[in-house]
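A.B. asks: Numbered as in our numbering, the sequence shown ends at 470 without a single skipped number. For glycine and all other residues, C-beta sits at the position ideal for the given N, C-alpha and C. Everything numeric in this text was worked out from a predicted model, so none of it was measured.
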Amino acid sequence: MAKVVQIQMFEANDGSQFMTAAEADAHDFKLENQSKIDAAAEAFCNSLQKIDRARSMATNFVGEFLAFYIPWIEQGSPEIERTAFDTPKAEKPIVDMTASATDNNAEVIAEEDVSEVKADDLF
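Here is the structure:
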């Protein structure tokens, strides 16, 4: 049976909705200061001589970062809890190295013997 879940959303000044207040504030700040942020991102990419795709990715990242960082500093650097986590990786199976090492050596020796025979047949 389905149950009711309440989700808290934050709305920016232009009507965009975000999951956190920090995201909404960053969006508002970016809209208000777009020309300054774009100039800073452009200067950053020029100083590192970024081109093509790397330039586009760096410009986007710097723009997002500055839109978050400047208001965050002005608010006194409040603690922001981590809510998104990395996807857990599957555990790797444990391999007995002693058994596989002897098997691999036998295969390598067998391959060397075959290659020597082939080389002798050519001459």
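Just the C-alpha distance for residue 349 and residue 417, rounded to the nearest angstrom, thanks.
C.D. replies: Distance between the alpha carbons of residue 349 and residue 417 is about 42 Å.
A.B. asks: Is it right to say residue 351 is buried, meaning 16 or more other beta carbons lie within 10 angstroms of its own, or is it exposed?
C.D. replies: Classification of residue 351: exposed, given that the 10 Å Cβ count is below 16.
A.B. asks: Is the beta carbon of residue 407 closer than 9 Å to that of residue 378?
C.D. replies: Their beta carbons are not under 9 Å apart, which means residue 378 does not touch residue 407 by this criterion.
A.B. asks: Can residue 441 and residue 410 be called in contact, C-beta distance under 9 Å?
C.D. replies: The answer is no: Cβ separation not under 9 Å.
A.B. asks: Residue 437: buried (16+ other C-beta within 10 angstroms of its C-beta) or exposed?
C.D. replies: Exposed, by the Cβ-count rule.
A.B. asks: Would you decide whether residue 413 is buried or exposed? Buried here means 16 or more other CB atoms lie within 10 Å of its CB.
C.D. replies: Counting Cβ neighbours within 10 Å, residue 413 comes out buried, since at least 16 surround it.
A.B. asks: Using DSSP bridges, identify the partner residues of residue 358.
C.D. replies: DSSP, once it has assigned bridges, lists 364 as partnering residue 358.
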